[in-house]
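Residue numbering for the sequence shown follows my numbering, starting at 65 and increasing by one per position. We put the CB at the ideal spot given by N, CA and C, even for glycine. These numbers were taken from a predicted model, which means no experiment stands behind them.
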Amino acid sequence: MLALIMCGGKGERIKDYCSEKAMLRFNNKPLIEHTLKSLECSKLVDRIYAATSSNAKITSEFLKRHSYYISGFLEIIETSGINYSNDLTNILEKLRPHVVFVMPSDTPLISSELIDTIISTWNGDKQCISVLMEKEFIMRLELKPTLSVKLGNKEYFHSGITIFDCSKIQRGKSVKEHYIILNDERLAYNINTKKDFLLLSSKKN
């Protein structure tokens, strides 16, 4: 499976604290370095793509100097950086007909084993599967996620991780999203605010 790291956004909720959140340092490494390493160690990821933009020039330069990029294991895709959904759709069209594991750059606690666990839920008969966490679980961690999803009478928060079958995605047509619920701290620490980062920093090894 291909992996796609989305790292070209504006980071509006944290821009007063840092210019590019993917480059915030955790355990002496940029957040995105932890993500790259976990994907590289995955048994089910064949290649990594990173979506950057003019909003993330430092991140882009970091990636271009990375050994994964030099070896060809990592490819950089330039996007407009204006609209996440439009950028993602453009990339998925380019990666058709592959199945793609999409994740943010700022989930440094995620492990290769957890990535493989999520990928293993894919059975090939759906357009996409997204990973959600229960609202109560996130609230206990005092984090501030951005995207909520209501299923029945219960509220969940999106982890930022979705698997897409690019062959089944068409521009302008709605996507039937399926969900798995996975309350795991390693997914929850998706950095959106200064407070999120400070909470993450308290977990340093």
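Is there at least one Cβ from chain B nearer than 9 Å to residue i's Cβ?
i    : result
C105 : Among the chains in the structure shown there is no chain B, since it carries only a single protein chain.
By the 10 Å Cβ neighbour count, where 16 or more other Cβ atoms means buried, how is residue i classified, buried or exposed?
i    : result
S169 : buried
D189 : exposed
I225 : buried
L215 : exposed
P94  : buried
N150 : exposed
S135 : exposed
I155 : buried
Have a look at the DSSP bridge pairing and note the partners of residue i.
i    : result
T229 : One point to set straight first is that residue 229 is Asp, not Thr, in the sequence displayed. Bridge partners of D229: V163.
V195 : I244
F90  : K93
R111 : L66
T257 : Paired residues: none, contrary to the question.
T116 : E142
Of all the options the options, which has the alpha carbon lying nearest to the alpha carbon of residue i?
i    : options                : result
S106 : D180, T257, I141, K128 : D180
F137 : L103, F126, I155, F228 : L103
Q234 : T143, L152, E139, K85  : L152
S231 : T143, C192, F126       : C192
P209 : S175, S184, F261       : F261
Y220 : L205, V239, I245, K240 : I245
K101 : G73, T123, H130, E125  : H130
R111 : I255, N256, L159       : L159
G236 : E157, K214, I227       : E157
L108 : I183, T143, S135, V213 : I183
L178 : I141, D248, K259       : D248
K259 : L207, T123, M203       : L207
K267 : R250, T257, S194       : R250
Distance check for residue j and residue i, CA to CA, integer angstroms please.
i    : j    : result
E97  : F90  : 9 Å
E125 : E84  : 12 Å
L205 : S265 : 13 Å
A56  : T185 : Since the displayed the chain opens at 65 and closes at 269, residue 56 lies outside it and no answer follows.
T171 : L88  : 11 Å
N254 : E198 : 14 Å
E139 : M70  : 12 Å
F274 : I174 : Residue 274 falls outside the range modelled here, since the chain spans only 65 to 269, and no answer is possible.
F228 : A115 : 16 Å
S212 : A252 : 13 Å
L241 : M167 : In the sequence as presented, Leu is not what sits at residue 241; that position holds Glu. If I take the Cα positions, the gap works out to 16 Å.
S117 : T143 : 5 Å
Y132 : M65  : 17 Å
N26  : S176 : Residue 26 is absent from the structure shown; the chain starts at 65 and stops at 269.
K218 : Y243 : 13 Å
Original post:
Taking only runs of the beta strand (DSSP E) that begin and end inside the stretch 127 to 167, which ones reach a length of at least 3 residues, in chain order?
Top reply: 138 to 142
Original post:
Where are the beta strand (DSSP E) runs, 3 residues long or more, that stay fully inside the stretch 177 to 222, in chain order?
Top reply: 192 to 198, 212 to 215
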